[in-house]
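*Asks:* Residue numbers for the sequence shown follow this note's numbering, so the first one is 105 and each next one is one higher.
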Amino acid sequence: MSRKKGFWRSSVWSLSLLAVLAGCGSNAASDSNGAAAGTATNAAGSGAEKEPVVLKLTTWNPISQTVVDKFQEKYPYITIEHDKVYDQFREIIRTRIVSKSDMDMLWLFPNQVAEFSKEDVLMDITGSPWLDNYLEAAVKLGTVDGKTYGVPYNSQPIVMFYNKTLFGELGLEIPQTWDELLAVSEQIKASGTAPMVIGSKDGWATQFITTAQFGLYQHDNPDVFAQVASGEKKWTDPEFSTYFDGMKELADKGYLLENSVGLSYDQVAQVFKEGKAAMWPMGEWGYSENFDADFSAFELGAFPIPVNRGDQPLVTSLVSDNLLVGVSWSKHQEEIKLFMEFVADPEIAKIWSDETKQAVTVKGGTSETYSPLAASLQPLVDASEAQIFPSMTSSIEPVMFPIFQQILLKQDVDTSKLLEQLQAAQNKDI
Numbered sequence: 105m106s107r108k109k110g111f112w113r114s115s116v117w118s119l120s121l122l123a124v125l126a127g128c129g130s131n132a133a134s135d136s137n138g139a140a141a142g143t144a145t146n147a148a149g150s151g152a153e154k155e156p157v158v159l160k161l162t163t164w165n166p167i168s169q170t171v172v173d174k175f176q177e178k179y180p181y182i183t184i185e186h187d188k189v190y191d192q193f194r195e196i197i198r199t200r201i202v203s204k205s206d207m208d209m210l211w212l213f214p215n216q217v218a219e220f221s222k223e224d225v226l227m228d229i230t231g232s233p234w235l236d237n238y239l240e241a242a243v244k245l246g247t248v249d250g251k252t253y254g255v256p257y258n259s260q261p262i263v264m265f266y267n268k269t270l271f272g273e274l275g276l277e278i279p280q281t282w283d284e285l286l287a288v289s290e291q292i293k294a295s296g297t298a299p300m301v302i303g304s305k306d307g308w309a310t311q312f313i314t315t316a317q318f319g320l321y322q323h324d325n326p327d328v329f330a331q332v333a334s335g336e337k338k339w340t341d342p343e344f345s346t347y348f349d350g351m352k353e354l355a356d357k358g359y360l361l362e363n364s365v366g367l368s369y370d371q372v373a374q375v376f377k378e379g380k381a382a383m384w385p386m387g388e389w390g391y392s393e394n395f396d397a398d399f400s401a402f403e404l405g406a407f408p409i410p411v412n413r414g415d416q417p418l419v420t421s422l423v424s425d426n427l428l429v430g431v432s433w434s435k436h437q438e439e440i441k442l443f444m445e446f447v448a449d450p451e452i453a454k455i456w457s458d459e460t461k462q463a464v465t466v467k468g469g470t471s472e473t474y475s476p477l478a479a480s481l482q483p484l485v486d487a488s489e490a491q492i493f494p495s496m497t498s499s500i501e502p503v504m505f506p507i508f509q510q511i512l513l514k515q516d517v518d519t520s521k522l523l524e525q526l527q528a529a530q531n532k533d534i
């Protein structure tokens with residue numbers, strides 16, 4: 105999944121990575137899907153009896169062509185036409201929706217589902233039997249006011265990539281708390297290597313230390329961000345007073361690679377691969393986009409970012425931002441449901457997972473070989489907790505990313521004033 109163009113124009117979502125990757129319940133899911141598939145297939149009739157149908161699938165990210173081919177083999181009267189929109193996805197989709205363009209299926213960012221559900225843009229798929237094949241948390245993300253409109257399909261954890269070779273040479277253990285992360289960083293710095301690299305040229309790439317922190321806010325209050333969105337809570341409330349502290353501490357202690365703040369996502373990946381920094385906070389997609397089988401400069405590893413302090417739990421955040429939805433004015437709603445049902449099959453999902461190199465939210469559908477990091481990351485994730493939180497509203501991100509950049513540049517900032525800026529932006533969406 106390419107994150108270089110517009111990914112973090114969307115909001116961050118956090119799911120239980122343990123639930124997503126453990127793949128529990130795959131047998132039950134397969135049985136359920138089989139029963140559902142039989143019903144839908146019978147309802148659809150044979151391909152020979154149907155007029156040709158073209159389903160237009162509009163996405164900003166790659167899809168599995170193998171899965172599309174298999175679907176078209178099963179339903180030869182249906183052709184999937186993939187429309188890739190990488191730049192300005194939000195703006196282009198909004199324009200097409202206003203004009204009711206010829207569209208059938210979309211991947212949407214999470215906060216777009218709530219937005220478009222109010223405008224009767226999306227098909228209602230509430231109660232579809234194949235929804236049982238998905239993790240309950242995933243279905244919840246696509247549900248608004250009791251109605252389900254879509255399900256996020258791919259999912260990837262936010263991790264700390266690290267140089268396992270260097271960690272071994274220095275005798276370092278994977279940190280489990282924020283204090284341990286700072287201690288490890290101090291030892292790495294003393295060895296002459298920069299502990300971490302974060303570039304700020306691409307605003308979206310600055311935020312993953314704070315992204316990891318989101319789940320902590322919900323540990324005791326699962327509805328905290330919904331309350332922020334409604335105005336019941338504010339960014340200026342005491343519980344958010346330390347929101348920027350972690351990132352500021354890393355910058356102030358000199359734990360970031362010198363002169364790297366202005367680097368782009370691609371440049372940060374390159375300097376990390378060159379061994380100039382020991383750690384890199386990023387989504388797991390950073391592996392598939394930047395490392396190949398021939399990489400041998402050092403042994404690469406990944407662990408959940410430990411922003412927890414004191415007795416707080418270790419929380420793993422998961423990005424799941426491509427919700428598959430149907431367009432309400434499509435003339436091919438039955439065929440849309442057939443495709444949605446098809447990709448909910450765990451065996452089909454494994455093909456998708458392997459080809460896109462991502463975990464999926466279908467129970468038992470994540471391939472065990474989708475990433476060389478999966479096996480090493482799983483035991484660490486199994487020991488962590490995570491929370492689901494709703495998306496940040498649209499006015500927040502244009503304000504939040506420049507704030508992160510200010511902090512990384514070690515500008516003299518008053519964090520209470522920064523939180524006031526966030527709240528002022530939030531007020532526009534209430």
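By construction, the Cβ of each residue, glycine as well, lies at the ideal position given by its N, Cα and C atoms.
(1) With DSSP collapsed to three states, give me the class of Asp249.
(2) If I follow the unbroken alpha helix (DSSP H) through Gln462, where does it start and stop?
(3) Kindly list the residues whose CB is nearer than 7 angstroms to the CB of Gln510, restricted to its own chain and excluding five residues on each side of it in sequence; keep chain order.
(4) Is it right to say Lys467 is buried, meaning 16 or more other beta carbons lie within 10 angstroms of its own, or is it exposed?
(5) Can you name the start and end residues of the alpha helix (DSSP H) that Ala218 belongs to?
(6) Where does Ser203 land, buried or exposed, given buried means 16+ other C-beta within 10 angstroms?
(7) Is there contact here, the segment 279 to 294 with the segment 431 to 442, by at least three beta-carbon pairs under 8 angstroms?
(8) So, at 7 angstroms on beta carbons, what are the nonlocal neighbours of Glu524 in its own chain, with the 5 sequence-adjacent residues on each side left out?
(9) Would you list the residues sitting across from Gln530 in a DSSP beta bridge?
(10) How close, in whole Å, do the beta carbons of Val411 and Ile313 come, if the pair is a contact with beta carbons under 8 angstroms?
(11) Name the two residues that bound the continuous beta strand (DSSP E) containing Met383.
(12) By the three-class DSSP mapping on this structure, what secondary structure does Tyr391 have?
(13) What's the gap between the Cα of Ile196 and the Cα of Met496?
(14) Could you give the DSSP three-state label for Phe265: helix, strand or coil?
(15) Below 7 angstroms CB to CB, which residues in the same chain sit around Gln371 once its five sequence neighbours on both sides are set aside?
(16) Using a Cβ-Cβ cut-off of 6 angstroms (strictly less than) and excluding sequence neighbours within five positions of Lys62, which residues of its own chain qualify?
(17) Apart from the five residues on each side of it in sequence, which residues of its chain come closer than 6 angstroms, Cβ to Cβ, to Tyr321?
(18) Assuming Thr230 contacts Lys244 (C-beta within less than 8 angstroms), just tell me the rounded distance between them.
(19) When you compare only the Cα positions, how much space is there between Pro166 and Phe175?
(20) What does a CB cutoff of less than 7 angstroms around Asp224 pick up in its chain, not counting 5 residues either side in sequence?
(21) My output table needs one value for Ala479: the three-state DSSP class, helix, strand or coil.
(22) In this structure, does DSSP put Lys521 in helix, strand or coil?
(23) What residue range is occupied by the uninterrupted beta strand (DSSP E) comprising Glu155?
(24) Are the beta-carbon atoms belonging to Asp208 and Leu161 less than 8 angstroms from one another?
(25) For Met386, verify whether its CB is less than 7 angstroms away from any heavy atom of the ligand MG.
(26) Hey, quick one: how far does the beta strand (DSSP E) through Leu360 stretch, first residue to last?
(27) Sort Trp164, Leu226, Ser205 and Ala218 by Cα distance to Trp620 and report the nearest one.
*Replies:* Per the coordinate set shown:
(1) The residue you call residue 249 lines up with position 145 of the sequence shown. Coil at Asp249, not helix or strand.
(2) Position 358 of the sequence shown, counting from 1, holds the residue named residue 462. Here Gln462 belongs to no alpha helix (DSSP H), and DSSP marks it neither H nor E.
(3) In the sequence shown, residue 510 corresponds to position 406, counting from 1. Counting only Cβ-Cβ distances below 7 angstroms, and skipping sequence neighbours, we find Val517.
(4) The residue labelled residue 467 in the question sits at position 363 within the sequence shown. By the neighbour-count rule (16 or more Cβ atoms within 10 Å), Lys467 is buried.
(5) The residue you call residue 218 lines up with position 114 of the sequence shown. Counting along the chain, the alpha helix (DSSP H) containing Ala218 begins and ends at Pro214 to Ser221.
(6) Position 99 of the sequence shown holds residue 203. Classification of Ser203: exposed, given that the 10 Å Cβ count is below 16.
(7) no
(8) Within the sequence shown, the letter at position 420 stands for residue 524. Answer for Glu524: Thr340, listed in chain order.
(9) On the sequence shown, position 426 is the one that residue 530 refers to. Gln530 pairs with nothing; no bridge assigned.
(10) To locate residue 411, count along the sequence shown from 1; it is residue 307. To locate residue 313, count along the sequence shown from 1; it is residue 209. Val411 to Ile313, Cβ: 7 angstroms. Contact.
(11) Residue numbering aside, residue 383 sits at position 279 when the sequence shown is read from its first letter. Taken as a continuous stretch (DSSP letters only), the beta strand (DSSP E) holding Met383 covers Ala381 to Gly387.
(12) In the sequence shown, residue 391 corresponds to position 287, counting from 1. Helix, per DSSP.
(13) For the purposes of this step, residue 196 is identified with residue 92 of the sequence shown, where counting begins at 1. For the purposes of this step, residue 496 is identified with residue 392 of the sequence shown, where counting begins at 1. Looking at the two C-alpha atoms, the distance is approximately 20 angstroms.
(14) As a working note, residue 265 is residue 161 in the sequence shown. DSSP places Phe265 within a strand segment (E or B) once states are collapsed to three.
(15) Residue 371 sits at position 267 when you count from the first residue of the sequence shown. Gly303.
(16) Beyond the ends of the chain as shown, which are 105 and 534, falls residue 62; an answer cannot be given.
(17) As a first step, residue 321 is located in the sequence shown; it is residue number 217 there, counting from the start. Closer than 6 angstroms at the Cβ level, and outside the excluded window around Tyr321, lie Val328.
(18) Locating residue 230 in the sequence shown gives position 126, counting from the first residue. Locating residue 244 in the sequence shown gives position 140, counting from the first residue. That pair is no contact at about 12 angstroms.
(19) Indexing the sequence shown from 1 puts residue 166 at position 62. Indexing the sequence shown from 1 puts residue 175 at position 71. Cα to Cα, Pro166 sits roughly 17 angstroms from Phe175.
(20) Taking the sequence shown and counting its residues from 1, one reaches residue 224 at position 120. Hits under 7 angstroms: Ser432.
(21) By one-based count along the sequence shown, residue 479 stands at place 375. The three-state reading of DSSP puts Ala479 in helix, counting H, G and I together.
(22) The residue given as residue 521 occupies position 417 in the sequence shown. Helix at Lys521.
(23) As a first step, residue 155 is located in the sequence shown; it is residue number 51 there, counting from the start. Run containing Glu155: none; DSSP gives neither H nor E here.
(24) Translated into positions along the sequence shown, residue 208 becomes position 104. Translated into positions along the sequence shown, residue 161 becomes position 57. Cβ distance < 8 angstroms, so Asp208 and Leu161 count as in contact.
(25) As presented, the structure is devoid of all ligands, the ligand MG included, so that no description of it is given.
(26) Numbered from 1 along the sequence shown, position 256 holds the residue referred to as residue 360. Premise fails: Leu360 is in no beta strand (DSSP E) and is neither H nor E.
(27) Only positions 105 to 534 of the chain appear in the structure, and residue 620 is not among them; the question remains open.
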